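Below is one structure, written out as structure tokens; the observations come after it.
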Amino acid sequence: MSAINVSTKVLIIDDDYAMTDLLKMVLEPQNFEVHTINSGSSIAEVVREIDPEIVIIDLLMPGKDGWQVCREIRRFSQVPILILSVVDKPGMVEHALDAGADEYLLKPVPTYVLTARLNTLVRRARAEKMAAVSDRWKKNGCKHQIEIAHIWAMN
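For the sequence shown, this note's numbering begins at 6 and goes up steadily by one.
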């Protein structure tokens, strides 16, 4: 019996078209369904519409920068966020993590490192989601057992 091969939906937010094209070319063969946008405008609508399992954000963009985009996403979603940036100044990693990012990688990054970090973040998020669903099911299951016992007691 073979495992079901489910693609991972990733949203890339970067103003550099060459970078988004390169990431798409690298990630699609690794079983990622890649969606790209080239600005941080209307990010809430885009994230809600696409419903990605992970988001990759560049920090240096005109208009809304990556920190603002990250904070905006965090207002309504716990989707894993990976910052992929050339910014290597003291305090930048901490600043990005404080804004809500889950990971920070410096460009250029080897493909195998990027895909490994993406897979790790997605695996963790899926496990947390399954645990939450399982917990809800257990609570609801107990509730239904109590209701059934109550019905039997009434008869």
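All residues carry an ideal CB built from backbone N, CA and C; glycine is no exception. Computed from a predicted structure; not experimentally measured.
Through-space distance from residue j to residue i, alpha-carbon basis
i: Lys-69; j: Ala-132; result: 31 Å
i: Asp-56; j: Lys-14; result: 8 Å
i: Ser-5; j: Met-135; result: Given a span of 6 to 160 for the chain in the structure shown, any question on residue 5 remains unanswerable.
i: Ile-62; j: Ala-121; result: 17 Å
i: Glu-54; j: Asn-124; result: 22 Å
i: Arg-128; j: Ile-88; result: 18 Å
With 16 other Cβ atoms within 10 Å as the buried cut-off, status of residue i
i: Val-74; result: buried
i: Ala-104; result: buried
i: Ser-90; result: buried
i: Val-118; result: exposed
i: Val-60; result: buried
i: Gly-71; result: buried
i: Tyr-22; result: exposed
- Query: In chain order, which continuous runs of the beta strand (DSSP E) of length 3 or greater are located wholly inside the region 7 to 39?
  - Reply: 13 to 18
- Message: So within the region 45 to 133, which uninterrupted alpha helix (DSSP H) runs reach at least 4 residues, ignoring any that extend past its ends?
- Response: 48 to 55, 71 to 79, 97 to 103
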